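S.K.: If you scroll down you'll find the structure; I have some questions about it.
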Amino acid sequence: MKTTLEHIIILFSGDSGDGMQLTGTQFSDTSARMGNDIATFPDYPSEIRAPSGSVFGVSGFQVHIGAREIYTPGDQPDVLVAMNPAALKVKLPLLKKGATIIINDDAFDRSGFKKAGYEVSSLEAIGELKNFKLIHAPITSQTERALEAIDLDNKSKRRCKNFYALGLCYFIFSRDPNLTKAWIREKFEGKDALVNANIAALEAGYHFGETIEASISIYQIPEAPLEKGTYRQINGNTGIAWGLMQAAEASGLDLFIGSYPITPATDILQELSKHAGFGVRTFQAEDEIAAICAAIGASFSGALAVTTTSGPGLALKSEALNLAVMLELPLVVINVQRGGPSTGLPTKTEQADLLQVFYGRNGESPVIVLAASRPGDTFAMAFEAARLSLQHMTPVVLLSDGFIANGSEPWRIPDLREEYHHIPIHLAQASEEDFKPYNRNLQLVRPWAIPGTEGMQHRIGGLEKDFETGDVSYDPENQEKMVEVRAKKVSMVASNIPEQQVEGKTHGQLLVISWGGTYGAVRTAVKRLQVQGHEISLVHLTYLNPFPKNLGPLIANFKQVLIPELNKGQLLRIINAQFHCEAKGYHKVQGLPFTISELITAFEKELKLVEYAKQ
Amino acid sequence: MKTTLEHIIILFSGDSGDGMQLTGTQFSDTSARMGNDIATFPDYPSEIRAPSGSVFGVSGFQVHIGAREIYTPGDQPDVLVAMNPAALKVKLPLLKKGATIIINDDAFDRSGFKKAGYEVSSLEAIGELKNFKLIHAPITSQTERALEAIDLDNKSKRRCKNFYALGLCYFIFSRDPNLTKAWIREKFEGKDALVNANIAALEAGYHFGETIEASISIYQIPEAPLEKGTYRQINGNTGIAWGLMQAAEASGLDLFIGSYPITPATDILQELSKHAGFGVRTFQAEDEIAAICAAIGASFSGALAVTTTSGPGLALKSEALNLAVMLELPLVVINVQRGGPSTGLPTKTEQADLLQVFYGRNGESPVIVLAASRPGDTFAMAFEAARLSLQHMTPVVLLSDGFIANGSEPWRIPDLREEYHHIPIHLAQASEEDFKPYNRNLQLVRPWAIPGTEGMQHRIGGLEKDFETGDVSYDPENQEKMVEVRAKKVSMVASNIPEQQVEGKTHGQLLVISWGGTYGAVRTAVKRLQVQGHEISLVHLTYLNPFPKNLGPLIANFKQVLIPELNKGQLLRIINAQFHCEAKGYHKVQGLPFTISELITAFEKELKLVEYAKQ
Amino acid sequence: MQSNSEKLSAKDFATDQAIRWCPGCGDYAILNSVKKVLSTLGKRKEDVVFISGIGCSSRFPYYVDTYGMHSIHGRAVAIATGTKVHNPLLSVWAITGDGDGLAIGGNHFIHALRRNININILIFNNEIYGLTKGQYSPTSQLGQRTKTSPLGTIEKPFDPAMLALGAGATFFARTTASDPKHLQEILLRAEAHCGTSVVEIYQNCVIFNDEAFEQFLGKENRDDHSVVLQHGKPLVFGKGLDKAVQWGHHELLVSTALDTAVIHDEQNLSLSFLLARLETVKPLGVYRCVQEAEYASNMDDGVKKESRKQVSELLHSGSTWEIE
Amino acid sequence: MQSNSEKLSAKDFATDQAIRWCPGCGDYAILNSVKKVLSTLGKRKEDVVFISGIGCSSRFPYYVDTYGMHSIHGRAVAIATGTKVHNPLLSVWAITGDGDGLAIGGNHFIHALRRNININILIFNNEIYGLTKGQYSPTSQLGQRTKTSPLGTIEKPFDPAMLALGAGATFFARTTASDPKHLQEILLRAEAHCGTSVVEIYQNCVIFNDEAFEQFLGKENRDDHSVVLQHGKPLVFGKGLDKAVQWGHHELLVSTALDTAVIHDEQNLSLSFLLARLETVKPLGVYRCVQEAEYASNMDDGVKKESRKQVSELLHSGSTWEIE
Ligand SMILES: Cc1ncc(C[n+]2csc(CCOP(=O)(O)OP(=O)(O)O)c2C)c(N)n1
Ligand SMILES: Cc1ncc(C[n+]2csc(CCOP(=O)(O)OP(=O)(O)O)c2C)c(N)n1
Ligand code: SF4
Ligand code: SF4
Ligand SMILES: [Mg+2]
Ligand SMILES: [Mg+2]
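Residue numbers (this note's numbering), protein chains in the order written: chain A, 106 to 720; chain B, 106 to 720; chain C, 327 to 650; chain D, 327 to 650.
Set out below in structure tokens:
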């Protein structure tokens, strides 16, 4: 009998060489195509290739699938696929109590336990396992057997074992294996042996499921009520790359990216480097400073210019970013946050670059700041960053993080002609009699006169300039005026962005304010409490500087504000200073996303305090 | 008859080539030696050599002398020496109403007016001059005449005219010309013609004063009640250089400075480059990044390591500063602030790097932050920066600014054996059995094990490290612990710094909180209002992170807090966020210091509002 | 990008800004020569971009009526790279000093040369930091006393020619602000070269390093201590044309044997490198000029190879599915 | 700084850290060789410092039981400079990769060479960014396809030897992780040299750029496509020792005329430079080694010249006055 589930979290884990990323991707692709909503998160080892079977070589891929909207890859897996003892050791502490563990028995031999650093050498000796449901499958040996007839060396055969595991999971979770079969045929086209081997392994795993059906539970997860449309999987880095490309198309400009590789931002550069055919010029610079400087240079000559990086790289770019603020040229800076400070935990996630983005430059130097919330909104946010930068002639920093960058979700492909069709740019009019480079319009935006345009030659630079003429000026009052005008220009962007939406009532006891990649977890936690009848609402910010106009009034509508962040209270400091309020923070700096349950606990505690204070 | 004055402000101004800096320095030196307190501020043109007689070639030197303690070079000069029309044009707007102007008549010819960009070509045509007392002196021609007998070319003779002007001022302000004569003899030793010429010019000017005595006012300024001791003039940059040298001596370490020239910090490097004999190693690096990195490397091998810079340079150093935070090595960073953002107004002053210093790094990265207040406290503050860095094994940023850096004051030379004699350092004990580089003491400070020390080899780095062993660690909980421990270590510095002093009552209506180079002006303004009976007190912060322990309670004792800053409210944001208060700001970003009068106006206004709110 | 409308004169390239260099500064001569050359080339103002860093020399863009940017210290070349790569049709000039270009900007300098991007880099070399008032630079002489080396420096200077050649330069020339005619010739050559052109210009800083080049270029010395390089011509010099550069044992020497004089060859890398090592005589002119693949046009070709694609195609490519 | 106590073995220099390079990575061989050389030199652990940047190669210091710092990307040489200048008695090694040392760290590299600071710079050159998983580096081959150059790069690589020589290197050597014996010889030479020693080590990245050096160093090729440099010895090579490097017209050629083989001379800059330009054969060994003034010891001499002064003297020097 099949049990129907609302949602389930499955974690595939094994050695780096075991193909777990592929297995996870196939599982989630198939699920998405079957109409589930999904969210996924890969967790690579930080070594390129760790010794096989060791705990730091464990590679994991978590998939959350549901019959309703899914916002996070999930806290605690319901099912673990453990290809070897190291995977079991590393992932066991994460599982939900009572979870199911699919064990590749063949790998749990004496040497396997030893490589994983286990002191014991049998599963029975691991006491905690009593709390879990184990499904034993001789994955490696069964795969070999299933592939006996195929003309392939043994090593290659063994490498098919991930498809065996996948087949087994397909059976258990009632997935259609045909989509993966089609994928295998396409992927290995022309290599018949590989096609046959992988399909055979997949089928063998599926059949093994049928064989043991009586002794295990089988699940199905109905379709989720998703919006109609064409969907595809997207991860955060790809979404950003494509959003920028669309912004270039919509503004009629060519895209220029100056970048220097750095985890977890490198993929954006890599993705864009494939798209010269879309007019994209990728410049891999000698360092981060050259990267942003080349982007500034390209912006000067009329490109939609972008630079991408992560925290340490942003630190290096700060002097040049400040120049861009002074020049008032469009520039999009993408910062994909990772664990800090310094080199920190480069492959982990964190939200601790916010203050750096706000304040990490000498002098008074305001920039527009946006943040993406999930893989599925990166396309839109990258487009938005470019739009605001072009319309307001000033740098925009878009924050993402390692969690968003590598996570992926099904994404409804928008109709670009409707939603993302046109960004008007602020080109100087050739007709202007007496062209002045810093002659502002009502939004305080200066005109963009691009080299090659006749009659508009002008000089710009990092020294303070005269409000009227744009020439260098050392005049004291002019400086004050210019500092103010740059600040005001950025604050006026508030009229060009949507009002802040509230999830829940617009007033009440507790307002949770979040930003960035914590959205899924925070939203889920808030919704659960709302369902329980608590007076809790959520404001998830995507516009951080300037804030939406209605943020101040919203804050005033609540008894208490709580700001959960993956840092030690950075948005908290900004909100408290700006709105003179006494918001509290909830913080975690472990390189890991929030779990829903810890947030619920924190919110409940805060709700109680508010209740208590009322009495 | 001589009028006795409490204090007076004199501004010497002329062309870059007119020797005004020298004249001003002599005048202030003589005054200091005569027992006055003084404060001075030079104002160079931003061009190296502007066209002679032009307004952007004007060089000024302001001296404030008094029979009481002097805290600032003063707002509005009482006396202007104008060597040419350009000087008059630039400086006239700054003068106090009714001020005296000493005019070098010879330079006010048609060509002089023209070079200055005056439309008129005679003094009479300048209407505003009616409000001032003019003393006409044919300085150039009289100097030539006085030097007729001396065997020197005409150009050299004309260059003595600044001593003529100085002589005249000495007469008017009853200064003893002999000190300057002695100086001239020493300076030009062996060049008799020059000695004679300059002395002759000085005397001629003095005698000219006697000649016109009947028609002008003569002043005397009695001695100020200064603390007993040996005094010298000191400017902010020199004070910092010497304070660092003393810290090296007091800690038994050699001083290493890695730096890259940048206005207005370059002088510190230049000063230190003279002192190899004190064990100082000056490394002029290829850029700011190399400068701080070399300092980190030197710190690793056991130096008292320093890097000096200004805003744009600090931006470049941020990634490496973050490394020093992670390494937990001593490092002193001196940031002499200038007008921003970007290249901004490099020769002007500002306080707008505070937020950059606090937050300009990726991740959670706390540093100790101090600020100097006046040229006379730079020695002490530089010593203090080094002390805290060595005792707490973490970077300290000391903020100064262009105003402090170039300003000078008489400074009582401290008895180094008493006040600055010893900084204990936290060397690893050779006896330690099982040396661990991150084994902290009760202040959470790790031991310093210097290469060359047997048995203590260890590796440090920018990746997160295990709390126990110091080895690289990717453990989530360990990261949180380390982020917290670094923050706590810095906050514990509060126990190793003095409590905050209050100037005035410790509670009342209005608390003014200031920091950095605005001290003189703010203090003077507050004192004046206190004398008038207002309930206003001053907290001038020199320790900015962590704040002194009693700051929070102090703030709570006042109805209102007002924070004047030469930025758009940077300390204000920090104080409001940290103490959940609603302090107000008073801001100016003009590259200029506050004037006392504008502060008084602002404080009075605020006092009235507080009064009003009470009713 | 030349237009057919009437030709501009050097004066037409002047701006209304007051020039703020010290009287007597070598920068004036360079400014005049550049304006002259722009008019000779028949450049339209709008097609030319000057990008500088920070330094006395870097104020240059304010004084030329083309597009210009006075950027931040050391980054002129990096910024110019972006400007050129985005629009290869522009004539892009990076203006830098020995500090701006070779101290803080050293990395961008060597990487631009490696990539061979078609910009002109003019290094105003006065062997000192001018704007910050007299500290030693990476081209200051070993032992030179400056504000930060009161006892003389202990570091050997770069030879910009050697550094450039080591980084893969396809064009390097050395000239002097004191000889505008030669300077202009060289500027014309630099602009004609397709690839990164480095022109090192000796420029006298009258205030902080006066007469730095007297030894080679002073009126008295220049005939006997400088030699003008001309491709295919023998390296003969001296007041009486009595000296010649000779091949020694894998180094260059100076002697009076005119008929064995080295024949200059701009494509002989080894010769170019050794010319930079001559100690008593300073070669002026084009040390090296070779044609190699150029970066910006290659990038442009990549972009223009196929007809422009639309992002919507990309979004719908690969694996998609419908939800109805 | 050698001590007289018992000599340490290579093993004594190991740490307890698990080594995290990919199986088969060239870095292992370098690690072993360095430990070996330290023991051969009789170094005391406490007198040796390894400073690295970021990259696979830069994990090196964790694995050697001396003082060490794993710093930030590109800055190893700048940090090592400070360490050495403050204490010239230490043996200081900067460990860097082709990305770390020549991309982001390029400026520190050339300036260290100019100053000639007595540190050893080991460049682990795998012609790729390893740690960030396979983007091209400044030494990747023109046209190489990598994750950021799907159609092949359009930039010519640096030759580290030419770059180093152009910057004024007093010691440059090239060797390979695949020949530990040669590698160790070279490391000994590098440490013996007083001045900045650059050792470029070809290091195979099995994951992202496998067999990058096969053309010159593969089993099949190495005899005919590499030549070992030995000072004073003719440059003869080949399976049957049948090939020799010859002087051509100011460039080097390969022929079979053994008796006119070039005699290697580590002090002949022009030869060193031309060796780096050979295309079909890769010279391994010390390209250049000359003695010049060294920075750290000169600085030290300046500091130690006179007896140490006290700050109180300074405060009371010059113009002071009494207030009573
Ligand atoms: C980031 C930064 N560091 C330092 C400076 C200070 N600075 C301005 S120009 C300059 C050196 C100028 O020397 P050079 O490039 O030779 O130009 P010159 O003035 O001699 O023409 C320095 C160090 C700065 N403006 N910005
Ligand atoms: C400031 C900064 N920029 C970028 C990075 C990302 N990063 C780390 S290592 C590396 C390149 C490594 O290449 P290489 O030096 O050749 O070392 P390898 O891994 O090949 O040994 C890069 C780009 C970083 N850590 N810090
Ligand atoms: S300081 Fe030197 S380089 Fe600068 S403008 Fe004056 S003379 Fe020219
Ligand atoms: S990725 Fe390459 S360089 Fe890095 S450890 Fe693996 S094999 Fe070595
Ligand atoms: Mg210069
Ligand atoms: Mg590499």
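Backbone N, C-alpha and C fix where the C-beta goes; we use that ideal spot for every residue, glycine too. As the structure is a prediction and not an experimental result, all values here were calculated from the model.
Where does D/Gln328 sit, in a helix, a strand or coil, going by DSSP?
M.R.: The predicted position of D/Gln328 is uncertain, since its pLDDT is 41 and thus under 50; no value can be drawn from it.
S.K.: From the DSSP output, in three-state form, read off D/Leu415 for me.
M.R.: coil
S.K.: Give me the Cα-Cα distance between B/Ala355 and C/Thr474, rounded to the nearest whole angstrom.
M.R.: 25 Å
S.K.: In the DSSP assignment, find the alpha helix (DSSP H) that holds D/Asp338 and state where it starts and stops.
M.R.: D/Asp338 -> no alpha helix (DSSP H), and no H or E assigned at all.
S.K.: So which residues touch the region around ligand 3, with touch meaning a C-beta under 5 Å from any heavy atom?
M.R.: B/Ile153, C/Trp347, C/Cys348, C/Cys351, C/Cys382, C/Gly456, C/Cys531, C/Val532 and C/Ile533
S.K.: Starting from A/Glu224, find everything on chain D with Cβ-Cβ shorter than 8 Å and list it in chain order.
M.R.: Chain D residues near A/Glu224: none, gap ~17 Å exceeds 8 Å.
S.K.: Are the region 583–601 of chain A and the region 495–511 of chain A touching, with three or more C-beta to C-beta distances below 8 Å?
M.R.: yes
S.K.: Counting only Cβ pairs nearer than 9 Å, list the residues of chain D close to B/Phe313.
M.R.: Correct list: empty, because the minimum Cβ distance to chain D is about 27 Å.
S.K.: Sort A/Asn544, A/Ile641, A/Trp516 and A/His639 by Cα distance to A/Thr145 and report the nearest one.
M.R.: Checked all of A/Asn544, A/Ile641, A/Trp516 and A/His639; the closest Cα to A/Thr145 is A/Trp516.
S.K.: Do we get a CB-CB distance below 8 Å when we pair B/Gln126 with the residues of chain C?
M.R.: No, because no Cβ of chain C sits closer than 8 Å to the Cβ of B/Gln126.
S.K.: Can B/Met498 be considered in contact with ligand 7, in the sense that its beta carbon sits closer than 7 Å to one or more heavy atoms?
M.R.: Ligand 7 is absent from the structure shown, which contains only ligand 1, ligand 2, ligand 3, ligand 4, ligand 5 and ligand 6.
S.K.: Please report the residue range of the beta strand (DSSP E) in which A/Gln665 lies.
M.R.: Phe663 to Glu670
S.K.: Using a Cβ-Cβ distance cut-off of 8 Å, determine whether C/Thr458 contacts chain B.
M.R.: When Cβ-Cβ separations below 8 Å define contact, C/Thr458 makes contact with chain B.
S.K.: When you compare the CB positions of A/Leu649 and A/Thr611, do they come within less than 8 Å of one another, or not?
M.R.: no
S.K.: 8 Å is my cut-off, CB to CB: does D/Gln328 come that close to chain A?
M.R.: Any answer about D/Gln328 is weak, because its pLDDT of 41 lies below 50 and its placement is not dependable; what the coordinates show is given next. D/Gln328 does not count as touching chain A.
S.K.: Cβ atoms of A/Gly310 and A/Thr483: under 8 Å apart, would you say?
M.R.: no
S.K.: Listing by chain order, which chain B residues have their CB less than 9 Å from the CB of D/Met488?
M.R.: Think of a sphere of 9 Å around the beta carbon of D/Met488: no beta carbon from chain B falls inside it, the nearest being about 20 Å out.
S.K.: How about A/Arg154: is its C-beta nearer than 8 Å to some C-beta of chain B?
M.R.: no
S.K.: Check whether the Cβ of D/Asp591 sits closer than 7 Å to any heavy atom of ligand 2, and report yes or no.
M.R.: no
S.K.: According to DSSP, is A/Pro500 helix, strand or coil?
M.R.: In this structure, DSSP gives A/Pro500 an extended state, which the three-state scheme calls strand.
S.K.: What three-state label does DSSP hand B/Asp142 in the structure shown?
M.R.: strand
S.K.: For C/Val553 and chain A, any beta-carbon pair shorter than 8 Å?
M.R.: no
S.K.: Please determine, among B/Ala490, B/Met561 and B/Asn583, the residue with the shortest C-alpha to C-alpha distance to B/Ile528.
M.R.: Nearest option by C-alpha distance: B/Ala490.
S.K.: CB-CB under 7 Å to A/Ala346, same chain, minus the five flanking residues each way: which ones, in chain order?
M.R.: Ile373, Glu376 and Leu377
S.K.: Enumerate, from N- to C-terminal direction, the unbroken alpha helix (DSSP H) stretches of 4 or more residues contained entirely within the region 394–482 of chain D.
M.R.: Taking only runs of at least 4 residues, the alpha helix (DSSP H) segments lying wholly in the region 394–482 of chain D are 402–412 and 432–441.
S.K.: Could you have a look at B/Ile255 and say whether DSSP puts it in helix, strand or coil?
M.R.: coil
S.K.: Is C/Gly652 near ligand 5 - that is, is its Cβ less than 7 Å away from at least one heavy atom of it?
M.R.: Residue numbering for chain C in the displayed model covers 327 to 650; residue 652 of chain C lies beyond these limits and cannot be assessed.
S.K.: Given a cut-off of 8 Å on the beta-carbon distance, is the pair B/Ser121 and B/Gly165 in contact?
M.R.: no
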